[in-house]
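Chemist: Using this note's numbering, the letters of the sequence shown correspond one by one to residues 18 to 370. Note that CB positions come from ideal geometry on N, CA and C, so glycine has one too. Below is one structure. I have some questions about it.
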Amino acid sequence: MGHDDVISNAEIALPAFVPEQIALYQTDHLLTHPICPFDPAVARRRLATRRDVLAIDLGGDKLRSAVYAIGGGTLEKRDEQVLRARGGAGYLACLERLARKADTRDLRVGISSATKMAGPVITRTVNLPLFLVEFRARYGADYTRLFGNAFVANDTVMGICGASVRLALRGIDARHVAFVISASGVGASVIADGMAIHVEAAHVPVVPALNPLGQTTPCGVEGRDYVCIEGVAAARRGIEDLYRQRTGEAKDGIALAALYEAGDQLVTALYETSARALAHAIAGVLTRYAFPDSPASVVVLHGGNFEIPRYRAQVQHDLAALPHGHARVVFSRDLSPNVCLDGAAVMAVYGER
């Protein structure tokens, strides 16, 4: 059943270029956090020594872990396990099992966490509230109290580290790299001046022209009462939320993706709005960090929304239509099944003292 009756032609129309949106990324609305020094060439050299490491990736709806065999300049993933859950339910019990495994086998650990971090401590999460409550009560939300021998960072930082190494291993010249996630939430990072930087691209206000369906759910992060880019671009906080508002029905991303591919008018408008807003966010970040218009500028796109062929094509189309912020587009799925998990493995050895 289509939903043509719950959307008007005026709501479907989207401008190709909204300079006011890109300009907001050049202001204090865009919060940035330098996390750690990182050089893909150095990281690649550190893959020469043979060892096993444990990599963990805590995402908004699943927790993945794997032992990686590192050596001879390669990363070989083994023994991957996946826990699917809503809100992080069951994550802590899984992490406790993994901590015992790492201790027994004397494995260095890298952890990619889809949360706001202050060092190894979670300070904020949107998609993992159940996990955070339990983790804070038992361990003070501090990963090092559970994994003493671990390097921990936000998933966008681990993603850019993993993607940069995968690009280097393929011989791709990528001197300027950005990493953007569009999944249950939106996130970004860059490598600039030898530093991996977490860029909170999600929580910049969205201008009305890129909010045609009238999202009113406020950002809510650290008291922000405006509607942010994530409220229209993300899968759960944008597309799924707006669909429920319009129809009264709750559908997950898998069901909505199928409707999008089938041409449902409302769902198409939701995904096209997401893609257009995300393209402006990407251009805003690339402009903020002065990425040159050259083949050495690369933006790696990652997350569940990019598993939808039609969405991948739409974001590329919308980026190409913008007058600035151009970079070579690479989808993380073409580099590795999970660059965030790869990045956790890389940083387990890169972060050695």
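1) Could you say which of 115, 256 and 54 lies nearest to residue 211 if we only look at CA atoms?
2) Please go through the same chain and pick out, in chain order, the residues whose beta-carbon is closer than 6 Å to the beta-carbon of residue 81, but skip the five residues on each side of it.
3) Quick check on residue 127: does DSSP put it in helix, strand or coil?
4) State the DSSP-derived secondary structure class of residue 292, mapped to helix, strand or coil.
5) What whole-angstrom Cβ distance do residue 199 and residue 64 have, given they're in contact under 8 Å?
6) In three-state terms, what does DSSP make of residue 34?
7) For residue 221 and residue 46, what's the separation of their Cα atoms in angstroms?
8) What does the alpha-carbon distance come out to for the pair residue 119 and residue 159?
9) Spatial neighbours of residue 48 within its chain, please: CB distance less than 6 Å, with the 5 preceding and 5 following residues excluded, ordered by chain position.
10) Pair every Cβ in the region 133-148 with every Cβ in the region 182-191, then say whether three or more of these pairs are closer than 8 Å.
11) Where do the N-terminal and C-terminal ends of the alpha helix (DSSP H) with residue 258 fall, by residue?
12) Measuring only the C-alpha atoms, how far is residue 83 from residue 35?
13) Going by DSSP, what residue range makes up the alpha helix (DSSP H) through residue 61?
14) As an exercise, report each continuous alpha helix (DSSP H) stretch of at least 4 residues that is fully enclosed by the region 197-261, in chain order.
15) Going by the DSSP bridge assignment, what does residue 87 pair with across the sheet?
16) Considering residue 318, what are the terminal residues of the beta strand (DSSP E) in which it resides?
17) To which residues of the same chain is residue 24 closer than 7 Å at the C-beta, ignoring the five residues directly before and after it?
18) For the 8 Å Cβ check, are there 3 or more pairs between the region 266-279 and the region 299-319?
19) Quick one: is residue 32 buried, meaning 16 or more other Cβ sit within 10 Å of its Cβ, or exposed?
20) With distance defined between alpha-carbon atoms, name the residue in 86, 320 and 351 nearest to residue 77.
21) In chain order, what residues of the same chain have a beta carbon less than 7 Å from the beta carbon of residue 18, not counting five sequence neighbours either side?
22) Given this structure, state the Cα-to-Cα distance separating residue 315 from residue 322, to the nearest angstrom.
23) On the DSSP bridge assignment, give the partners of residue 138 in chain order.
24) Identify, in the order they occur along the chain, each residue of the same chain with its Cβ nearer than 7 Å to the Cβ of residue 341, setting aside the five sequence neighbours on each side.
Modeler: Taking the definition as stated:
1) Residue numbering aside, residue 211 sits at position 194 when the sequence shown is read from its first letter. Considering only alpha carbons, the answer is 54.
2) Reading the sequence shown from its first residue, position 64 is the one you call residue 81. Sequence-distant Cβ neighbours of residue 81 in its own chain, meaning closer than 6 Å and more than five residues away, are 74, 99 and 358.
3) Against the sequence shown, residue 127 aligns to sequence position 110. DSSP places residue 127 in strand when its eight states are reduced to three.
4) As a working mapping, residue 292 is identified with position 275 in the sequence shown. Correct three-state label for residue 292: helix.
5) Numbered from 1 along the sequence shown, position 182 holds the residue referred to as residue 199. Numbered from 1 along the sequence shown, position 47 holds the residue referred to as residue 64. With 8 Å as the limit, residue 199 and residue 64 do not qualify as a contact, their Cβ atoms being about 29 Å apart.
6) Residue numbering aside, residue 34 sits at position 17 when the sequence shown is read from its first letter. When secondary structure is reduced to three states using DSSP, residue 34 falls in the coil class, being assigned neither helix nor strand.
7) The sequence position of residue 221 within the sequence shown is 204, counting from 1. The sequence position of residue 46 within the sequence shown is 29, counting from 1. Take the alpha-carbon of residue 221 and the one of residue 46: they are about 5 Å apart.
8) Within the sequence shown, numbered from 1, the residue matching residue 119 stands at position 102. Within the sequence shown, numbered from 1, the residue matching residue 159 stands at position 142. Their Cα atoms are separated by approximately 17 Å.
9) Walking along the sequence shown from the start, residue 48 turns up at place 31. Closer than 6 Å at the Cβ level, and outside the excluded window around residue 48, lie 217.
10) At 8 Å Cβ cutoff, the stretches do not touch.
11) Residue numbering aside, residue 258 sits at position 241 when the sequence shown is read from its first letter. Going by DSSP, residue 258 is part of the alpha helix (DSSP H) stretching over 258-264.
12) Mapped onto the sequence shown, residue 83 falls at position 66. Mapped onto the sequence shown, residue 35 falls at position 18. Residue 83 and residue 35 have their C-alpha atoms spaced approximately 42 Å apart.
13) What you label residue 61 is simply residue 44 of the sequence shown in a count that begins at 1. Looking at the DSSP string, the run of the alpha helix (DSSP H) that includes residue 61 is 57-62.
14) As summarised for the region 197-261, the continuous alpha helix (DSSP H) elements at least 4 residues long and confined to that stretch are 247-250, given in chain order.
15) In the sequence shown, the residue the question calls residue 87 occupies position 70. DSSP output for residue 87 lists 68 and 92 as bridge partner(s).
16) As a working mapping, residue 318 is identified with position 301 in the sequence shown. Per DSSP, residue 318 belongs to the beta strand (DSSP E) from 314-319.
17) The residue given as residue 24 occupies position 7 in the sequence shown. 282, 283 and 286, listed in sequence order.
18) Per the Cβ contact rule, the region 266-279 is not in contact with the region 299-319 (fewer than 3 Cβ pairs under 8 Å).
19) Taking the sequence shown and counting its residues from 1, one reaches residue 32 at position 15. It counts as exposed.
20) The count along the sequence shown starts at 1 and reaches residue 77 at position 60. If we check each option's Cα against that of residue 77, 320 comes out closest.
21) One-based indexing of the sequence shown puts residue 18 at position 1. Reliability of the predicted coordinates at residue 18 is poor, the pLDDT of 47 falling under 50, and the value obtained from them is presented with this limitation in mind. Answer for residue 18: no residue qualifies.
22) The residue labelled residue 315 in the question sits at position 298 within the sequence shown. The residue labelled residue 322 in the question sits at position 305 within the sequence shown. Whole-angstrom Cα-Cα distance: 19 Å.
23) Stepping through the sequence shown from its first residue, residue 138 is reached at position 121. DSSP, once it has assigned bridges, lists 135 and 159 as partnering residue 138.
24) Taking the sequence shown and counting its residues from 1, one reaches residue 341 at position 324. Result list for residue 341: 300 and 304, in chain order.
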